[in-house]
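Please read the structure below before turning to the comments.
There are 2 protein chains.
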Amino acid sequence: MLRENLTVAIEDYLKTIHELTLTDGRATTNRIAECLEVTPASVTGMIQRLASADPPLVAYHKHHGAKLTPDGERAALEVIRHHRLLETFLQQTLGYTWDEVHAEADRLEHVISEELEERIAQSLGNPTQDPHGEPIPNRELQLPEQSWVRLSDLAPGQRAAVQRVGSPTPELLRYLSSIGMVPTTGLAILDRSEFDDNLRIQIENQPEPVVLGLKVTQQVYVEVV
Amino acid sequence: MLRENLTVAIEDYLKTIHELTLTDGRATTNRIAECLEVTPASVTGMIQRLASADPPLVAYHKHHGAKLTPDGERAALEVIRHHRLLETFLQQTLGYTWDEVHAEADRLEHVISEELEERIAQSLGNPTQDPHGEPIPNRELQLPEQSWVRLSDLAPGQRAAVQRVGSPTPELLRYLSSIGMVPTTGLAILDRSEFDDNLRIQIENQPEPVVLGLKVTQQVYVEVV
DNA sequence: TGGGAAATTTAGTTTAGCCTAAATTATATT
DNA sequence: AATATAATTTAGGCTAAACTAAATTTCCCA
Ligand SMILES: [Mn+2]
Ligand SMILES: [Mn+2]
Ligand SMILES: [Mn+2]
Ligand SMILES: [Mn+2]
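Taken in order, these protein sequences are the chains called A and B. Going by the working numbering, the first residue of the first sequence is number 1, and it counts up by one from there. Going by the working numbering, the first residue of the second sequence is number 226, and it counts up by one from there.
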């Protein structure tokens, strides 16, 4: 099953399975259903089709979720490269803000040709990160190893640089912009509240510290310095 | 039936019906089928769906082809604006040549948002023509009146400027580039052959005249000067 | 270790959009 | 006006991708 006969639905499933495998360690039927906003029954149907495709795109064991085959992995990375290049292009070249790029890229990613992918990459100077700090697979579809530490895992006294934002909803992104917390920004943990795990954080170049709850700090990944 | 629930197939049908109506004066089942490379039976099925949509997008009289309703016309122009803006953008901003832009635009036209349409238009300075010389509907979806004269209709002695190229296949476009005949180029008819209607033409800035057959001259539209 | 809740799969439908083959209608020619 | 040919529609079928409802399996805990 070459790239040409992958449908939009299939590409979305592969991308979701890839991302769930990275974040959760596995991709279960119900999690996939949640991410794609379809019913679990629909996911089972699709997983079974993907597993019996030629060549198979996922390995399927009843009641135990889906795992990408090398072919499925390659197809997923291709879509992810499209997505992240598009997000970067929309921001750099067309003046979108980082909270506006996702929905547009989510549709365009399935229809751009390899030619357009390459021209976009060239015109941007082959970027390695998208606006949310996510790494862009290179031309050979390789991703750098990611060492991920959640902001929520830091202890008072630690210093770090913002790396990327996971599940970047427009609302979260606009909020982060407003407090000056974007990829590469430096920060220092001042203290942690007893019960609710709120963090008081001093953000680089900001006059006042902010207090952030888990809803925010679990979505922000950092590099400890 | 708002823009949101128009499928790719529907948009392609509406666009084709619009273009056939302009070029042939009407859109028959078989011509639509040819253009879209589907069977006539499929076209009948789709026309009937479009006619009974709410609101109807075409007027349908059995055995007499389809005519766009105002709603259908609006939807068609929306897709055509997308298509021609995209072609222009691909050429101007990403360095595509005029024979490469069509296929890419044909897929992208269905998935870009109004927001992206507007940003592309802005970044290009609201162009009024695409790379093939076709007019781009403005923001209100108005098209300028077109006075079309085919190059093949000119008589020896007449002078004209190239306006646009109809049904622009990549092969035709590459050929026209190679002889220096692109929109706005000036030319003069030297003479016409007796039986085959070949035209001998002097093209502006070219050392030698060229002889072109109907296959070419019927696809090139000009403005007599 | 045996239920019960949660997760997952099966079975049966639906809709869009295409197909082929056969039937029908329009048009053109004599 | 009758008939041949071309254009179009009808009938029936297929695949992709979704859904709901019911059945089944897994897993966790008392
Ligand atoms: Mn998508
Ligand atoms: Mn690619
Ligand atoms: Mn199209
Ligand atoms: Mn538009």
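Beta carbons are placed, not taken as given, at the ideal position from N, Cα and C, and that holds for glycine.
Does the Cβ-Cβ distance between residue i and residue j come in under 8 angstroms?
i        : j        : result
Ala380/B : Ile337/B : no
Val222/A : Ala161/A : yes
Thr269/B : Thr254/B : yes
Ile242/B : Ala278/B : no
Leu439/B : Ile428/B : no
Asn198/A : Val211/A : yes
Arg174/A : Asp130/A : no
Val326/B : Arg384/B : no
Val304/B : Leu368/B : no
Val233/B : His335/B : yes
Gly25/A  : Leu50/A  : no
Thr246/B : Leu293/B : yes
Gln218/A : Ser152/A : yes
Trp323/B : Gln317/B : no
Leu311/B : Leu333/B : yes
What's the gap between the Cα of residue i and the Cα of residue j?
i        : j        : result
Leu6/A   : Thr184/A : 36 angstroms
Glu342/B : Ile235/B : 20 angstroms
Leu183/B : Ala300/B : Since the displayed chain B opens at 226 and closes at 450, residue 183/B lies outside it and no answer follows.
Glu171/A : His289/B : 52 angstroms
Gly382/B : Gln273/B : 50 angstroms
Leu302/B : Tyr321/B : 24 angstroms
Gln146/A : Phe314/B : 36 angstroms
Asn430/B : Phe420/B : 29 angstroms
Arg119/A : His82/A  : 12 angstroms
Gly166/A : Arg200/A : 20 angstroms
Thr39/A  : Ala27/A  : 15 angstroms
Gln388/B : Ala105/A : 35 angstroms
Ala258/B : Ser178/A : 53 angstroms
Thr393/B : Glu115/A : Looking at the sequence itself, residue 393/B is Pro, so the reference to Thr does not match. The straight-line gap from Cα to Cα measures roughly 20 angstroms.
His286/B : Gly405/B : 45 angstroms
Cys195/B : Asp237/B : One cannot answer for residue 195/B here, as it falls past the ends of chain B, which runs 226 to 450.
Glu262/B : Arg256/B : 10 angstroms
Leu350/B : Pro362/B : A small fix is needed here, since residue 350/B is Gly in this sequence, not Leu. Going from the Cα of Gly350/B to the Cα of Pro362/B covers about 14 angstroms.
Pro434/B : Glu359/B : 26 angstroms
Ala266/B : Ala328/B : 25 angstroms
Gln364/B : Thr128/A : The sequence shown places Arg at residue 364/B, rather than the Gln named in the question. Cα-Cα distance, rounded: 36 angstroms.
Val374/B : Leu401/B : 18 angstroms
Arg238/A : Val216/A : Shown here, chain A extends from 1 to 225; a query on residue 238/A therefore has no answer.
Pro55/A  : Glu19/A  : 21 angstroms
Leu271/B : Ala121/A : The sequence shown places Met at residue 271/B, not Leu. Their Cα atoms are separated by approximately 39 angstroms.
Ala284/B : Pro295/B : 10 angstroms
Which residues bound the beta strand (DSSP E) around residue i?
i        : result
Lys292/B : Ala291 to Leu293
Ala266/B : Segment Pro265 to Ala276 is the alpha helix (DSSP H) holding Ala266/B; no beta strand (DSSP E) there.
Ala284/B : Val283 to Tyr285
Can you tell me where the alpha helix (DSSP H) holding residue i begins and where it ends?
i        : result
Val220/A : Taken as a continuous stretch (DSSP letters only), Val220/A belongs to no alpha helix (DSSP H), being part of the beta strand (DSSP E) at Val220 to Val224.
Ser113/A : Unbroken run through Ser113/A: none, as it is neither H nor E.
His243/B : Val233 to Asp249
Ala33/A  : Thr29 to Leu36
- Query: Where in the stretch 164-217 of chain A do unbroken runs of the alpha helix (DSSP H), each at least 4 residues long, occur, reported from the N-terminal end onward?
  - Reply: 170-178 and 214-217
- Item | Members of the stretch 86-103 of chain A that neighbour chain B once the beta carbon cut-off is set at 8 angstroms | Residues Leu90, Thr93, Leu94, Gly95, Tyr96, Glu100 and Ala103.
- Query: If contact means a Cβ-Cβ distance below 7 angstroms, which residues of the stretch 372-392 of chain B contact chain A?
  - Reply: Interface annotation for the stretch 372-392 of chain B against chain A: empty, criterion Cβ-Cβ distance under 7 angstroms.
- Item | Residues, ordered as in the chain, of the stretch 102-120 of chain A that lie near chain B by beta-carbon distance below 9 angstroms | Ala103, Glu104, Arg107, Leu108, His110, Val111, Ile112, Ser113, Glu115, Leu116, Arg119 and Ile120
- Residues, ordered as in the chain, of the stretch 116-145 of chain A that lie near chain B by beta-carbon distance below 8 angstroms: Leu116, Arg119, Ile120 and Ser123
- Where in the stretch 297-383 of chain B do unbroken runs of the beta strand (DSSP E), each at least 3 residues long, occur, reported from the N-terminal end onward? none
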